[in-house]
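Note sheet for the following structure.
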Amino acid sequence: MNALVKWGLVLLVLFSVLLNLALVVVFSRRKPQCAARSKHAAQGKHDEQSRVFADLSRDEYTQVQDYMLRQKDLSTCTRLKTRPDENFLFLIDLRVPRKSEVLKYLDARGPVPRREATVVVFYGAKGYIKEYEVGPLPNPTYHHDVTRERYGTDLPLSARPVTIGEYIVRFDMLKDLLFLPLSELLHESFGLDDEHQLQSMEALPRGTRAGERKTWISFCRRLSGMYIQPVGFEVLVDHHSTNTSQWSVERLLYNGQYFASVDELQDKYRAGTVQKIVKTPWEDYGSLKPRTHPLQLGPQLVNPEGARYSVSHNHVLYMDWSFAFGLSSLTGMRVFDVRFKHERILYELSVQEAMSVYGAVTPGMGMTKFLDSSFGIGRFAHELMRGVDCPYDATYVDTYRYVDLPGPMRFRNSICIFELYLGQPLRRHFADFFHNSYGGMANSALVFRTITAIGNYDYMWDFIFYQNGAVEAKVRATGYISSSFLVQDSLKHGHQVAPGVLGNIHTHFLHFKVDLDVAGVENMFQTKDMEYRNVSLPWMPQHYAMVPHLVERTLNTEQEAALRHGTKTPRYLHISSNRTNRWGHERSYRLQVYSFAGDHLPESQPEERSMSWARYKVAITKHKDQEQTSSSLYNQNNMWSPAVDFSTFIQDNESIYNQDLVAWVTAGFLHIPHAEDIPNTVTVGNGGGVLLRPHNYFDEDPSIDSPDSVYVGPGSESSCESNRMACLAQETCAPELQPFTYGVQEEDLPNFSEED
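Convert by adding 342 to the 1-based position in the sequence shown; the result is the number in the working numbering.
Structure follows, in structure tokens:
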């Protein structure tokens, strides 16, 4: 027995030794785990003052909602199925404080600006819209009607966006007045049955003159990407009255033929006097499901020593940069108090509007002009897909919104922030005379991103912060194109992209607000360009040559500085200070716009006033608190008498010399859809933006001070002292990644009752 025990112990020890040797071999081959935290503290400190720009919290939304519901004289409700003839609390959002108040607080130890919310109420029972300032937060005690102060006029109820409650009533109306009487036609033409259903898509604006609320609705197969599945059936619905029993179907389009009523179409269809649509099998060519199995994992962005940026509440630190951020439900992403090397460069950089104008023979697309802020650009910033929409290891931020819902709602991971190596040097030089040396720097930048899916289009919005003091605002488009059914003369307006489907020509115009404060708020607008001049050579006076010359000009008024599309624009546009750098030149930032925009809607068109900002590639105005945004929630549904007409910002032609200036920048692209837009439009080549570059702002390139700089001289090729790349192999490690999750969690949704 003792011998057996002895041999058992020997075998156990031997097994233990072999197991440990195996584990040593396995783990010696594994890469070490990356540090959980950065080895170096962030430059600067997070600033509690940034919270003056912070979006409303869930508690603040609830406090404002509760306050408004307690005001019996306002008589508002928040039910999701609120009828058009009832009063509905539609929106709550942060009211950004006035700039003068904020600057006193940030720079002169002034009082904290009062925190307030903007509240929008649709008074269906009274026929108008009101906007209120509600505050102070937390625990509001007052509300002020600021409608006329902001817009200079009353807001008619017809200017309101369509609410979920109104959509529900309209769906029921179409079922009763359209789908039931035309069930035979719909089955024979489109194969409509329990399994095959249609979805609706709206054309905008809703009518042809102020006060109308008539919408052309196109029908598409309920398949993936229904926007590219039109069936050739459209109807015009009059839903102006708040009495929904008065809503009606005014006109119908079937296979390119117009009918004055449902009865007329039904009678002529049964009589055989209508050119019928031949039913075809439903083909799901819009699906984005993979058609091949995944292979190996693609390249991934990792931070070997932890993130080099820091996010606290709504404040970001990155290298020499700091800024506060937010997400407006209506206009989308925005940053404030942007500083480089502790000096404010930008007071505000924000998205303002996204606009598209379509062409077609058929009404569903033929008159369509989309203004996305009227739907809410930030409202549709949904969860970002980790590893696809943003790097897997990015920092993800939740946001809260209150738009057309009975309570505030959380949108998890709807903002991402990450540092990106752009795969190229920011600067470099190889010296090959006498002795060889190399100096350079990797182009790593911080990206602040949201992606908004507004109907068919997905816009990817980026603000990018470079280590040379430049900032870029850019947008790229993806998602589905809008389309129409192919009828006679359709090819005048686009290309066929699928069976019976026209990809409609359309424009994309994107608008940004750029409130640069260059070495203070007293700035000028200057332009620079070149021209060739025929000059005699000083050393050969009898000989002439064409030599490039610098041409500089200062523009002094708002109308001078409104640079229209289609006109010759100086290549260099500058917001400049009256302060100079070491070399005696005005410190400035250059606005470098890159755009492939189509033609703007002619000003003779009555709808153009609602999008008059798109007349200008760049417009410079004197800062005014009442000129906060270039568009409005109400412009889409009242294009003929818009609440905000940007062209009025420059009508008074104020001086812009040594003033606090705002640059309004338009970028975009013309989209002529093609076969490769099926199933999905790609981001490559579809976008535009503006780059803000320092121009004589510094005495030299500030990135020369970056710790990312690399230098290799003779004999120092393997030294890590000024070249971290030389030691990368020894420091390579495997990142510790969070588990993958995606999809709204149950706790994200407000507690909606059955009544809602």
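Quick reminder that beta carbons are idealized off the backbone N, C-alpha and C, glycines included.
Residues of its chain near residue i, where Cβ-Cβ distance is below 7 Å and the 5 sequence neighbours each way are ignored
{"i": "Ser531", "result": "Lys618, Ile619, Lys621"}
{"i": "Gln901", "result": "Ile992, Asn995"}
{"i": "Tyr627", "result": "Ala840, Ile1020, Pro1021"}
{"i": "His942", "result": "His907, Ala956, Arg957"}
{"i": "Gln766", "result": "Asn785"}
{"i": "Ser1060", "result": "Ala1068"}
{"i": "Pro478", "result": "Arg456, Arg457, Glu458"}
Under 9 Å between C-beta atoms of residue i and residue j
{"i": "Ile559", "j": "Gly706", "result": "yes"}
{"i": "Ser1100", "j": "Met783", "result": "Lying outside 343 to 1098, the shown extent of the chain, residue 1100 is not represented and no answer is given."}
{"i": "Leu499", "j": "Gly549", "result": "no"}
{"i": "Phe464", "j": "Arg502", "result": "yes"}
{"i": "Lys966", "j": "Tyr914", "result": "no"}
{"i": "Ile793", "j": "Asp731", "result": "yes"}
{"i": "Asp1019", "j": "Gly842", "result": "no"}
{"i": "Glu685", "j": "Ile719", "result": "no"}
{"i": "Glu544", "j": "Val488", "result": "no"}
{"i": "Gln838", "j": "Glu928", "result": "no"}
{"i": "Gly836", "j": "Ile1014", "result": "yes"}
{"i": "Gln978", "j": "Phe712", "result": "yes"}
{"i": "Thr404", "j": "Pro750", "result": "yes"}
{"i": "Pro426", "j": "His581", "result": "yes"}
{"i": "Val680", "j": "Val813", "result": "yes"}
Neighbour-count burial assignment, residue i, 16 or more Cβ in a 10 Å radius
{"i": "Leu433", "result": "buried"}
{"i": "Glu526", "result": "exposed"}
{"i": "Phe665", "result": "buried"}
{"i": "Val893", "result": "exposed"}
{"i": "Phe1082", "result": "exposed"}
{"i": "Glu1103", "result": "The structure shown does not extend to residue 1103, since the chain is modelled only from 343 to 1098, so the question has no answer here."}
{"i": "Trp955", "result": "buried"}
{"i": "Arg551", "result": "exposed"}
{"i": "Thr1008", "result": "buried"}
{"i": "Phe369", "result": "Legend: pLDDT at Phe369 = 44, less than 50; position of this residue unreliable, no value from coordinates given."}
{"i": "Thr990", "result": "exposed"}
{"i": "Ala795", "result": "exposed"}
{"i": "Gln638", "result": "exposed"}
{"i": "Thr634", "result": "exposed"}
{"i": "Thr495", "result": "exposed"}
Residue from the options whose Cα sits closest to the Cα of residue i
{"i": "Glu537", "options": "Pro623, Ser654, Arg512", "result": "Pro623"}
{"i": "Arg650", "options": "Ala904, Ser417, Gly614, Glu761", "result": "Glu761"}
{"i": "Val511", "options": "Ser583, Lys472, Tyr484", "result": "Ser583"}
{"i": "Trp663", "options": "Ile806, Gly553, Ile793, Leu672", "result": "Ile806"}
{"i": "Tyr734", "options": "Lys387, Glu1078, His388", "result": "Glu1078"}
{"i": "Met697", "options": "Leu639, Ala736, Arg957", "result": "Arg957"}
{"i": "Pro480", "options": "Leu524, Leu522, Leu398", "result": "Leu398"}
{"i": "Gln541", "options": "Glu554, Phe988, Thr557, Phe561", "result": "Phe561"}
{"i": "Ser442", "options": "Thr673, Ser832, Pro455", "result": "Pro455"}
{"i": "Lys414", "options": "His485, Val739, Phe717", "result": "His485"}
{"i": "Ser692", "options": "Arg1066, Ser973, Glu1063", "result": "Ser973"}
{"i": "Arg924", "options": "Ser952, Tyr403, Phe575, Asn1038", "result": "Asn1038"}
{"i": "Val1004", "options": "Ser652, Val653, Ser1058, Thr899", "result": "Thr899"}
{"i": "Leu448", "options": "Arg951, Phe395, Asn876, Phe521", "result": "Phe395"}
{"i": "Gly1030", "options": "His771, Phe854, Gln884, Pro1015", "result": "Phe854"}
{"i": "Thr704", "options": "Gln599, Trp589, Gly553", "result": "Gln599"}
{"i": "Asn645", "options": "His777, Arg440, Leu1033, Thr737", "result": "Thr737"}
{"i": "Met515", "options": "Ser587, Lys959, Ala613", "result": "Ser587"}
{"i": "Glu491", "options": "Gly614, Val877, Gln385, Val986", "result": "Val986"}
According to DSSP, residues forming a beta bridge with residue i
{"i": "Ala613", "result": "Ala613 is not bridged to any residue."}
{"i": "Tyr742", "result": "Arg752"}
{"i": "Asp435", "result": "Thr460"}
{"i": "Ala545", "result": "Paired residue(s): none; Ala545 is not in a bridge."}
{"i": "Gln868", "result": "Thr896, His916"}
{"i": "Asp857", "result": "Glu690"}
Close beta carbons around residue i, own chain, < 6 Å, minus the five adjacent residues each side
{"i": "Gly811", "result": "Phe682, Pro1036, Pro1044"}
{"i": "Val789", "result": "Phe760, Leu762, Asp804, Ile806"}
{"i": "Met675", "result": "Leu669, Val693, Thr792, Trp803"}
{"i": "Glu864", "result": "Asn1000"}
{"i": "Arg372", "result": "Only weak support is given to the placement of Arg372: the predicted model assigns it a pLDDT of 49, under 50, and the question is left unresolved by the model."}
{"i": "Glu764", "result": "A quick correction: the sequence has Leu, not Glu, at residue 764. Excluding positions up to five away in sequence, the list reads Asn785."}
{"i": "Asn597", "result": "Gly574, Gln617, Ile619"}
Residues near residue i by beta carbon distance below 8 Å, same chain, minus five either side
{"i": "Val359", "result": "Because Val359 carries a pLDDT of 49, less than 50, the predicted location of this residue cannot be relied on, and the following value inherits that uncertainty. Same-chain partners within the cutoff: there are none."}
{"i": "Leu365", "result": "Caution applies to Leu365, whose pLDDT of 48 falls short of 50 and renders its modelled position unreliable; the model cannot decide the point."}
{"i": "Val367", "result": "Reliability fails at Val367, whose pLDDT of 46 lies under 50, so the model's placement of it is uncertain and no value is given."}
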